[in-house]
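Engineer: Have a look at the structure that comes next, please.
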Amino acid sequence: MADDQSKRLHVPSGTSSAAEYGPRARPLALAVRIIEHASRERPADRVLRDTLKSERHLPASDSATVSRSVFAYYRWLGWLERAKPLPQQVETASALATRFAVSPDSLSDAELMQRAAPGWLGEEVQMTAEFARALQSAPPVWLRARPGQGISTANLLGECRPFGSGALAEALQYLGHKDLLSTPEFHRGLFELQDLSSQAVGLICDPKPGEVWWDTCAGEGGKLLHLSDLMQNKGLIWGSDRAAWRLKRLGRRAARAGVFNYRSAPWDGGAKLPTRTKFDGILVDAPCTGVGTWHRNPQARWTTSLEDIKELSDIQSQLLARACLALKPGGKLVYSVCTLTRSETVNVVMRFQNEFPQFEPLLIRNPCTSQSAAQQTLQIPLEVNGGNGMFVAAWRRKNG
């Protein structure tokens, strides 16, 4: 029976055993199995989700341990001795995560800057101690309540901290341990899981009720649903994506949230646009390397390359060049990416401005801080509020 259990839990022979790790054996073995099966093509978070779904009888506490162990492994990979058995590496990573959470100053700035990310990142991003420490910190969970329901939703859920007042009054940091997607408040459409910086992008777009907008890379609809709320469910939003399955999920999310002022259509970024509609505003939330999300998705640090950056920057420029043709004179074009590399941010902006002089820079502010100066390009750092690192730029199409 013990041998059968070890096989089922995929404890590598010759490295560790259930007896060696005692009550931690099952979550540790599952974490090891997930890491062994994860790859660039099969991201660890997807393997984790599928594994936990198949382990329906796993106690919630063990599921949480598995998740923490997998993310700790990738977050602290730069400190691990790869020649050691994988279970020992996972244990070491978990110990480092605990140490850093309890005593962050026990690790020097120099050590963090050297080991937290691959060496090539310095060619594209200014590596600072603050940035490295943010990469190694567990990210907060952000919610977006429906308009005017921030305080009431926080009271219903409990363990919520409102971010502030004004434009971001509906942004809530969740500090509890509930499975939020199974709560009645979620199923009633009272809130969405949406990162703080992602919410900032919607506020920068600032769509008005009755306008017509296009979310060119809508994915599963996080930003589109926010745009709809800002438009009071009036006017029209087109949402497109190259993956039809994402648009199906957008449909389900929109129905739950009571959002009906949208249409969806696939678009692969090609010259043929999904509609002949002319828009008051276009959001190009382009695919990117996601460096600004590496605190949430630490595996991506070790599967992303400089070649990926070059390829994606070309795609980003192409999306801007094609989408902007659908904008009305006087219309607003917003470009956003959850990355911080120069090639995908300022270089894309310069290329677009050189090729499309009919678009003039539009000054924007960071809604997450009252100290934000108006500027055409904006970087929201992940080390300030714990939201994703985000880059945003905006233009207005000249009249005539």
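Each residue of the sequence shown is one higher than the one before, counting from 0 in numbering that gives the first Met the number 0.
Even for Gly, the Cβ is constructed at its ideal location relative to N, Cα and C.
Between Leu410 and Asn387, what straight-line distance do the alpha-carbon atoms span, to the nearest angstrom?
Structural biologist: Summary: the structure shown does not reach residue 410, with the chain confined to residues 0 through 399, and so no result is reported for it.
Engineer: If you follow the alpha helix (DSSP H) that Ser53 is in, where does it begin and where does it stop?
Structural biologist: Run containing Ser53: Ala43 to Ser53, per the alpha helix (DSSP H) assignment.
Engineer: Distance check for Tyr72 and Ala92, CA to CA, integer angstroms please.
Structural biologist: So the two alpha carbons sit approximately 5 Å from each other.
Engineer: How do the stretch 340 to 359 and the stretch 170 to 181 stand: do at least 3 beta-carbon pairs fall below 8 Å, yes or no?
Structural biologist: As far as the Cβ criterion goes, the stretch 340 to 359 does not touch the stretch 170 to 181, which means the pair count is below three.
Engineer: Identify, in the order they occur along the chain, each residue of the same chain with its Cβ nearer than 6 Å to the Cβ of Arg7, setting aside the five sequence neighbours on each side.
Structural biologist: For Arg7, the predicted structure reports a pLDDT of 31, less than 50, and the residue's modelled location is therefore unreliable. A value from the coordinates is still provided. For Arg7, where only same-chain residues beyond five positions count, there are no Cβ hits under 6 Å.
Engineer: For a test of the three-state rule: what should DSSP assign to Asp461, helix, strand or coil?
Structural biologist: With the chain running from 0 to 399 in the structure shown, residue 461 is simply not present.
Engineer: Secondary structure at Gln125, three-state DSSP: helix, strand or coil?
Structural biologist: Gln125 falls in the coil class under three-state DSSP.
Engineer: For Ser68 versus Val89, is the C-beta distance shorter than 8 Å?
Structural biologist: Yes, Cβ-Cβ distance for Ser68 and Val89 is below 8 Å.
Engineer: For the alpha helix (DSSP H) that Met349 lies in, which residues bound it at each end?
Structural biologist: Per DSSP, Met349 belongs to the alpha helix (DSSP H) from Val345 to Glu354.
Engineer: Give me the Cβ distance between Leu339 and Gly291, rounded to the nearest whole Å; I'm assuming they're in contact under 8 Å.
Structural biologist: Right, their Cβ atoms sit about 5 Å apart.
Engineer: Quick check: what's the CA-CA separation for Val124 versus Arg132?
Structural biologist: One C-alpha to the other measures close to 15 Å.
Engineer: Whose C-alpha, out of Pro206, Val101, Ser197 and Glu129, is nearest the C-alpha of Glu110?
Structural biologist: Of the candidates Pro206, Val101, Ser197 and Glu129, the one whose C-alpha sits nearest the C-alpha of Glu110 is Glu129.
Engineer: Grab me the residues of Lys233's own chain with a C-beta within less than 8 Å of its C-beta, minus the 5 sequence neighbours each way, in chain order.
Structural biologist: Counting only Cβ-Cβ distances below 8 Å, and skipping sequence neighbours, we find Pro208, Gly209 and Asn260.
Engineer: Between Ala166 and Cys159, is the Cβ-Cβ spacing less than 8 Å?
Structural biologist: Cβ distance not < 8 Å, so Ala166 and Cys159 don't count as in contact.
Engineer: Find the nearest neighbour of Ser164 within the set Leu155, Pro146, Ser181 and Tyr173, judged by alpha-carbon distance.
Structural biologist: Nearest option by C-alpha distance: Pro146.
Engineer: Who are Val336's beta bridge partners in DSSP?
Structural biologist: Answer by DSSP bridge pairing, in chain order: Phe390.
Engineer: Within the same chain, show all residues whose beta-carbon is closer than 7 Å to that of Phe99, passing over the 5 residues directly before and after it, in chain order.
Structural biologist: Excluding residues within five positions, the ones whose Cβ falls inside 7 Å are Leu106 and Gln135.
Engineer: Where Leu249 and Gly220 are concerned, what is the direct C-alpha to C-alpha distance, given to the nearest angstrom?
Structural biologist: In a straight line, the C-alpha of Leu249 is about 5 Å away from that of Gly220.
Engineer: Taking contact to mean at least 3 C-beta pairs separated by less than 8 Å, is the stretch 273 to 282 in contact with the stretch 317 to 331?
Structural biologist: The answer is yes - the stretch 317 to 331 touches the stretch 273 to 282, with three or more Cβ pairs under 8 Å.
Engineer: Going by Cα to Cα distance, which pick from Leu246, Leu305 and Ser369 is closest to Gly121?
Structural biologist: Measuring from the Cα of Gly121, the nearest candidate turns out to be Leu305.
Engineer: Candidates Lys397, Pro183, Pro360 and Ser369: which alpha carbon is nearest Val391's?
Structural biologist: Looking at the Cα atoms, Pro360 is the closest of the given residues.
Engineer: Secondary structure at Val31, three-state DSSP: helix, strand or coil?
Structural biologist: In the structure shown, Val31 sits in a helix (DSSP, three-state: H, G or I).
Engineer: If you draw a straight line from the C-alpha of Ala24 to the C-alpha of Ser60, how long is it?
Structural biologist: About 13 Å.
Engineer: Rounded to whole angstroms, what is the Cα-Cα separation between Ile379 and Lys309?
Structural biologist: Straight-line Cα distance between these residues: approximately 22 Å.
Engineer: Does the Cβ of Val101 have 16 or more other Cβ atoms within 10 Å, making it buried, or fewer, making it exposed?
Structural biologist: Answer is exposed; the Cβ neighbour count stays below 16.
Engineer: Using the Cα positions of Ile33 and Ser181, report the straight-line distance between them to the nearest angstrom.
Structural biologist: Computed Cα separation, rounded: 24 Å.
Engineer: With a threshold of 8 Å between beta-carbons, can Pro265 be considered close to chain B, or not?
Structural biologist: The structure shown contains no chain B, having only a single protein chain.
Engineer: Roughly how many angstroms separate the alpha carbons of Thr302 and Ala43, rounded to a whole number?
Structural biologist: Near 11 Å, if we compare the C-alpha coordinates of Ala43 and Thr302.
Engineer: Start and end of the beta strand (DSSP E) containing Leu282?
Structural biologist: Segment Phe278 to Asp284, the beta strand (DSSP E) holding Leu282.
Engineer: Let me know the secondary structure DSSP gives Val10 once reduced to three states.
Structural biologist: In this prediction, Val10 has a pLDDT of 34, which is less than 50 and means its spatial position is unreliable; what the coordinates show is noted afterwards. In the structure shown, Val10 sits in coil (DSSP, three-state: anything other than H, G, I, E or B).
Engineer: List the endpoints of the continuous alpha helix (DSSP H) containing Trp75.
Structural biologist: Counting along the chain, Trp75 falls outside any alpha helix (DSSP H), and DSSP gives it neither H nor E.
Engineer: Any idea what DSSP makes of Ser239, helix, strand or coil?
Structural biologist: If DSSP states are grouped into helix, strand and coil, Ser239 belongs with the strands.
Engineer: Mind checking which residues open and close the alpha helix (DSSP H) that includes Pro265?
Structural biologist: Looking at the DSSP string, Pro265 is not in any alpha helix (DSSP H); the run it does join, the beta strand (DSSP E), is Tyr261 to Pro265.
Engineer: Between which two residues does the alpha helix (DSSP H) harbouring Ile314 extend?
Structural biologist: Counting along the chain, the alpha helix (DSSP H) containing Ile314 begins and ends at Leu305 to Ala322.
Engineer: What residues are listed by DSSP as bridge partners for Pro161?
Structural biologist: For Pro161, which the question treats as bridged, DSSP gives the partners Leu171.
Engineer: Can you tell me which of the three DSSP states Val258 falls into?
Structural biologist: Correct three-state label for Val258: coil.
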